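S.K.: Encoded as structure tokens, here's the structure I'll be asking about.
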Amino acid sequence: MASSHSSSPVPQGSSSDVFFKKEGEPAKHLRSVQSLPDVCPKEPTVTDQHRWTVYHSKVNLPAALNDPTLAKRESDFFTKTWGLDFVDTEVTPSFYLPQISKEHFITYQQEISQREKIHERCKNICPPKDTFDRTLLHIHDKSRTDLEQVPKIFMKPDFALDDSLTFNSVLPWSHFNTAGGKGNRDAASSKLLQEKLSHYLDIVEVNIAHQISLRSEAFFHAMTSQHELQDYLKKTSQAVKMLRDKIAQIDKVMCEGSLHILRLGLTRNNCVKVYNKLKLMATVHQTQPTVQVLLSTSEFVGALDLIATTQEVLQQELQGVHSFRHLGSQLCELEKLIDKMMIAEFSTYSHNDLNRPLEGEWQVLEEERLISLVFGLLKQRKLNFLEIYGEEMIITAKNIIKERVINKVSQIEEIDTDAVVKLADQMRMLNFPQWIDLLKDIFSKFTIFLQRVKATLNIISNVVLSVLDKNQRTRELEEISQQKNAAKDNSLDTEVAYLTHEGMFISDAFSEGELAPMAVDTTSQRNASPNSEPCSSDSVSEPECTTDSSSSKEQITSSTPGGIDIMINEDTKLTDLELGKLANSIQELLCSASDVCHDRAVKFLMSRAKDGFLEKLNSMEFITLSRLMETFIVDTEQICGRRSMSLLGALQSQANKFVNRFHEERKTKLSLLLDNERWKQADVPAEFQDLVDSIADGKIALPEKKSGATEERKPAEVLTVEGQQYAVVGTVLLLIRIILEYCQCVDNIPSVTTDMLTRLTDLLKYFNSRSCQLVLGAGALQVVGLKTITTKNLALSSRCLQLIVHYIPVIRAHFEARLPPKQCNMLRHFDHITKDYHDHIAEISAKLVAIMDSLFDKLLSKYEVKAPVPSPCFRNICKQMTKMHEAIFDLLPEEQTQMLFLRINASYKLHLKKQLSHLNVINDGGPQNGLVTADVAFYTGNLQALKGLKDLDLNMAEIWEQKR
């Protein structure tokens, strides 16, 4: 039986319904796969025979649960598990769970009842196909029981006897081993194995036959329909053959020619593309020679544009071309080389521009070359070129001074350049006129130098601002383009509908729409090669000659102030912030150029000032130097728009030194004059009268010296100031001149106004204090050797002080007009000085009164009321009063003289009244009263007879005591 069947075991079927499965039927209509039972369990191996399982148990479960040691049997599971003390208790219903009754399902039943009726109706109409009677179920269970005898290994999908493990499991070698005298036993085992396998095969065949029998109707139906299917296929094959013949004829008549034309057109387009690609490759191949030609003419921008365009073409259109695999890296190296060449070229240009002869012109050197260099540097983001220009400026500024000094020294024969080697020492040998001419020359060259720097930087700034303006316009154009694209997209559907209605292909319409911008792009050539030839019209048409590349750059033309047009490409990748910072750096560089010139000028001044040359300058020389420096400072400020402070600081420092020396010289001079002053009235030279007259006209300045007129005019006795006569000493005349020198110095050097005011107030205070010490303090007795300080000395000192007080408001107004608003509070010093002078004048007047007071006390203390009349005492008093009047009347004004004699008279009356009281002389009309009256009348007559005192109210009645 075993020999009549195949030796290979039959794998387990997946389902009994597999024979009725249609090819296009969905998987969801298949029944679930049911595996057949294993009718022949697998024989246990030697290892499995010794493994303990539940089947080895010898005690059943009830016997294990019955414990004979318990007093009574457990009533249930809980008492057995939890002990005898467990008692059943009623579970209290939960308050949170509702009581469910049938009423809760009434609503659901009402909703589902209609569906249930429909379901029952469908079951009656279409009974399920898999229903079978109990006989079939019994047969199926029996078949399943039989199949369970077959080992599982035969049912595996991957069952194969060529696998050694599977083969050993199915046919163990122990059944075929004839060695050891066990041949009969092994033969029996082999026979038993063969019968077992035959039994397995019979079981499988029986089940297969059973399954086939269950589906016999389907098999017969398939056999009957096979013939019909063959007829249908034959007819279909004939119809397909006829259709193919017709299609072949139609293709030959109608399509082959058109398709051939399309193929030729496609071939032509491909040839055009290949031709353009080859021509583009030829153009790219000429890039390096063309770049070399451009570099030889310093066309850096064109070379960079050509390199950028070539790199873009290599990346977009020639990517992957083997022959150009190294060209990209070569162009990168060439671009780096161009960067270095541009830096070197800009350095050379800066040197040539700044070191050309500083003549009157200050035009830009090679403006086109500068624009090309700057734009190339901006294109490559080499923004450090301004530092190169700044370094060259510093070197040029140093060379300017050196050249000017050498030129000036070489023109002077007195300087032996062989003996004096150092240039600075040679420069110090120049006198002031020579040195000031040298400084003027240096300042003029510096001015031309700054004008050239400004012109060059203006060109650079215009290029930067042009690029910045181009960026802004590019953004505006992009925004407009985006708006147009949005509008174009909105009208696309309407356009497509129209094209399809007209019978055109949509793809053709799109191609024609793209052709227009391609034709426009052809106007901008992608390369700058002079060797590139235009497309020939006989080989390829002009639209076809264009390449579909985006390498053409947007170009914007802008003009510089010099009229030079520059092309600004789109690929300058500088942001607006960077361009703005660069523009600010250009302005800062111009200011730094001014600072450099000022710094070099300061070093030149300091080099000349080492031997104290500047401190030894007189007023006019220093004023000349100061005006020259201030003019240069103003000129540079106008050029650069900002004032440099280094030279101004040096000027201020020298001005402070000059002011100190100026003040010390004049203070020393005034001190010497005061120490030698004998306090006698001096004649007034005509030049001093002219000086005073010029002040009266509102001009505080030293008058120019007149050659012949001054010698013919004689000196005057007094100084006339605005109609008043002042008797003065020579020191005061010189003091007025000194004061005017201070005021004129302020006009010439405005920067020293504050210091001059401080020094002038110090000088006025010094004169006041020193004159007080010499006259009131009697210092002149020891200093000059005067025998005594007379009333005339006192009156003359007072009149001199009054003259200075008269001019203090004029001086104050002069300084007030020139002081900064923040420094006007310093004018209070003039108020303090005026008060001090008035106090000094009052002290002199008090001193004159005190002199007469002591005289009255001395003379009237010896007065006796007796004949003769007038008495000698009164005669002596009148004599002294006359001397006093003669001493001061010509010095002091009449009003001041009257006020002074009124105070003297008051002192006289006081002493006379005291003496009369002492002598008990009263106004009783007696002889003594008559004698006193006669003496007083003599005194009054003599006093009123003096010049200027006629109308003086003496009121002599006050000498008598009032009667009680």
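Position 279 of the sequence shown, counting from 1, maps to 332 under the numbering used here, and the rest follow consecutively.
Glycine residues also receive a C-beta, built at the ideal position from the N, C-alpha and C atoms.
For clarity, every value in this text was computed on a predicted model and none was experimentally measured.
(1) Residue range of the beta strand (DSSP E) that Y992 falls in?
(2) State the Cα-Cα distance for the pair N408 and T449, rounded to the nearest angstrom.
(3) Thinking C-alpha only, which one of V985, N973, N1008, L912 is nearest N958?
(4) Measure the beta-carbon distance from L367 to L380 and round it to whole angstroms, keeping in mind my assumption that it falls under 8 angstroms.
(5) Find out if the Cβ-Cβ distance for the pair M395, G429 is shorter than 7 angstroms.
(6) What residue does the alpha helix (DSSP H) around Y285 start on, and which one ends it?
(7) For a test of the three-state rule: what should DSSP assign to L1002, helix, strand or coil?
(8) Cα separation between R422 and I447?
(9) Taking only the alpha-carbon atoms, compute the straight-line gap between R197 and Y149 and give it to the nearest angstrom.
(10) Ends of the beta strand (DSSP E) at T336?
(11) Might you give, ordered along the chain, the residues of its own chain that have their beta carbon closer than 6 angstroms to the beta carbon of D746, omitting 5 neighbours on each side?
(12) Measuring only the C-alpha atoms, how far is L725 from Q933?
(13) Quick check: the segment 680 to 687 against the segment 627 to 637, are at least 3 beta-carbon pairs closer than 8 angstroms?
(14) Say whether the segment 925 to 945 touches the segment 900 to 908, bearing in mind that this needs 3 or more beta-carbon pairs closer than 8 angstroms, one atom from each stretch.
(15) Counting along the chain, where does the alpha helix (DSSP H) carrying N655 start and finish?
(16) If you measure between the beta carbons of S679 and S647, is that distance less than 7 angstroms?
(17) When you compare the CB positions of K845 and A735, do they come within less than 7 angstroms of one another, or not?
(18) Between which two residues does the beta strand (DSSP E) holding V785 run?
(19) Classify Q291: buried if its beta carbon has 16 or more other beta carbons within 10 angstroms, exposed otherwise.
(20) So who's on the other strand from Y779, going by DSSP bridges?
(21) Answer with buried or exposed for A920, where buried requires no fewer than 16 other C-beta atoms within 10 angstroms of its C-beta.
(22) Apart from the five residues on each side of it in sequence, which residues of its chain come closer than 7 angstroms, Cβ to Cβ, to V344?
(23) Could you say if the segment 655 to 662 and the segment 694 to 708 meet the contact criterion of at least three C-beta pairs nearer than 8 angstroms?
(24) Looking at V918 and V974, is the spacing between their C-beta atoms short of 7 angstroms?
(25) Among L772, T843, F942, which residue has its Cα nearest to the Cα of H859?
(26) Using C-beta distances below 6 angstroms, list every residue in its chain close to R823, excluding the 5 sequence neighbours before and after it, in chain order.
(27) From the DSSP output, which residues share a beta bridge with V344?
(28) Identify which residue in F883, S851, D808 has its Cα closest to the Cα of L817.
(29) Provide the residue span of the alpha helix (DSSP H) that contains H157, from first to last.
(30) Please report the residue range of the alpha helix (DSSP H) in which R865 lies.
(31) Measure the alpha-carbon distance for C926 versus F942 and round it to whole angstroms.
(32) Is it the case that the Cβ atoms of A833 and L839 are separated by a distance below 7 angstroms?
(33) Does the segment 363 to 377 come close enough to the segment 436 to 447 to have 3 or more Cβ pairs within less than 8 angstroms?
(34) Just how far apart, CA to CA, sit R812 and E717?
(35) Going by DSSP, name the residue or residues bridged to V918.
(36) Answer with buried or exposed for I314, where buried requires no fewer than 16 other C-beta atoms within 10 angstroms of its C-beta.
M.R.: On the basis of the data shown:
(1) On the sequence shown, position 939 is the one that residue 992 refers to. Element bounds for Y992: not the beta strand (DSSP E) but the alpha helix (DSSP H), 980 to 998.
(2) Counted from its first residue, the sequence shown places residue 408 at position 355. Counted from its first residue, the sequence shown places residue 449 at position 396. Spanning the two alpha carbons is a distance of roughly 6 angstroms.
(3) Position 905 of the sequence shown, counted from the start, is the residue given in the question as residue 958. Comparing Cα positions, the closest option is N1008.
(4) For this step, residue 367 is matched to residue 314 along the sequence shown. For this step, residue 380 is matched to residue 327 along the sequence shown. Confirmed, Cβ separation roughly 6 angstroms.
(5) The count along the sequence shown starts at 1 and reaches residue 395 at position 342. The count along the sequence shown starts at 1 and reaches residue 429 at position 376. Yes.
(6) Looking up residue 285 in the sequence shown gives position 232. Note, Y285: alpha helix (DSSP H), 269 to 303.
(7) As a first step, residue 1002 is located in the sequence shown; it is residue number 949 there, counting from the start. In this structure, L1002 counts as coil in the three-state DSSP scheme.
(8) Position 369 of the sequence shown, counting from 1, holds the residue named residue 422. Position 394 of the sequence shown, counting from 1, holds the residue named residue 447. So the two alpha carbons sit approximately 23 angstroms from each other.
(9) Against the sequence shown, residue 197 aligns to sequence position 144. Against the sequence shown, residue 149 aligns to sequence position 96. Rounded to whole angstroms, the gap between the alpha carbons of R197 and Y149 is 52 angstroms.
(10) The count along the sequence shown starts at 1 and reaches residue 336 at position 283. Not the beta strand (DSSP E): T336 falls in the alpha helix (DSSP H), residues 309 to 338.
(11) Counting from one through the sequence shown, the residue named residue 746 turns up at place 693. Nothing listed; no residue qualifies.
(12) Reading the sequence shown from its first residue, position 672 is the one you call residue 725. Reading the sequence shown from its first residue, position 880 is the one you call residue 933. Those two C-alpha atoms are separated by around 35 angstroms.
(13) no
(14) yes
(15) The residue given as residue 655 occupies position 602 in the sequence shown. Reading the sequence as shown, one finds Val at residue 655 and not Asn. Boundaries of the alpha helix (DSSP H) harbouring V655: 629 to 661, taken from the DSSP string.
(16) Residue numbering aside, residue 679 sits at position 626 when the sequence shown is read from its first letter. Residue numbering aside, residue 647 sits at position 594 when the sequence shown is read from its first letter. Not in contact: S679 and S647 (Cβ atoms no closer than 7 angstroms).
(17) Translated into the one-based positions of the sequence shown, residue 845 becomes position 792. Translated into the one-based positions of the sequence shown, residue 735 becomes position 682. No, these two residues do not count as a Cβ contact at 7 angstroms.
(18) Locating residue 785 in the sequence shown gives position 732, where the first residue counts as 1. V785 -> not in any beta strand (DSSP E); alpha helix (DSSP H) instead, spanning 783 to 801.
(19) Here residue 291 refers to the residue found at position 238 when the sequence shown is read from its first residue. By the neighbour-count rule (16 or more Cβ atoms within 10 Å), Q291 is not buried but exposed.
(20) Position 726 of the sequence shown, counting from 1, holds the residue named residue 779. According to DSSP, Y779 bridges with L772.
(21) Start at 1 with the first residue of the sequence shown, and residue 920 comes out as number 867. Answer is exposed; the Cβ neighbour count stays below 16.
(22) Here residue 344 refers to the residue found at position 291 of the sequence shown. Excluding residues within five positions, the ones whose Cβ falls inside 7 angstroms are A356, L359, I360, L387.
(23) yes
(24) In the sequence shown, residue 974 corresponds to position 921, counting from 1. In the sequence shown, residue 918 corresponds to position 865, counting from 1. Remark: C-beta atoms of V974 and V918 approach each other more closely than 7 angstroms.
(25) Against the sequence shown, residue 859 aligns to sequence position 806. Taking only the C-alpha atoms, the option nearest H859 is L772.
(26) The residue labelled residue 823 in the question sits at position 770 within the sequence shown. Result list for R823: L727, in chain order.
(27) Mapped onto the sequence shown, residue 344 falls at position 291. Answer is none; V344 lacks a bridge partner.
(28) The residue you call residue 817 lines up with position 764 of the sequence shown. When each option's Cα is compared against that of L817, the closest is F883.
(29) Counted from its first residue, the sequence shown places residue 157 at position 104. Segment: none, H157 is in no alpha helix (DSSP H) and carries neither H nor E.
(30) Translated into the one-based positions of the sequence shown, residue 865 becomes position 812. Unbroken alpha helix (DSSP H) run through R865: 844 to 869.
(31) Sequence index remark: in the sequence shown, residue 926 carries index 873 (1-based). Sequence index remark: in the sequence shown, residue 942 carries index 889 (1-based). If you take the alpha carbons of C926 and F942, they lie about 24 angstroms apart.
(32) Stepping through the sequence shown from its first residue, residue 833 is reached at position 780. Stepping through the sequence shown from its first residue, residue 839 is reached at position 786. Contact: yes.
(33) no
(34) The residue labelled residue 812 in the question sits at position 759 within the sequence shown. The residue labelled residue 717 in the question sits at position 664 within the sequence shown. The C-alpha of E717 is placed about 9 angstroms away from the C-alpha of R812.
(35) Within the sequence shown, the letter at position 865 stands for residue 918. Partner(s): none; V918 has no beta bridge.
(36) Sequence index remark: in the sequence shown, residue 314 carries index 261 (1-based). Label assigned to I314: exposed.
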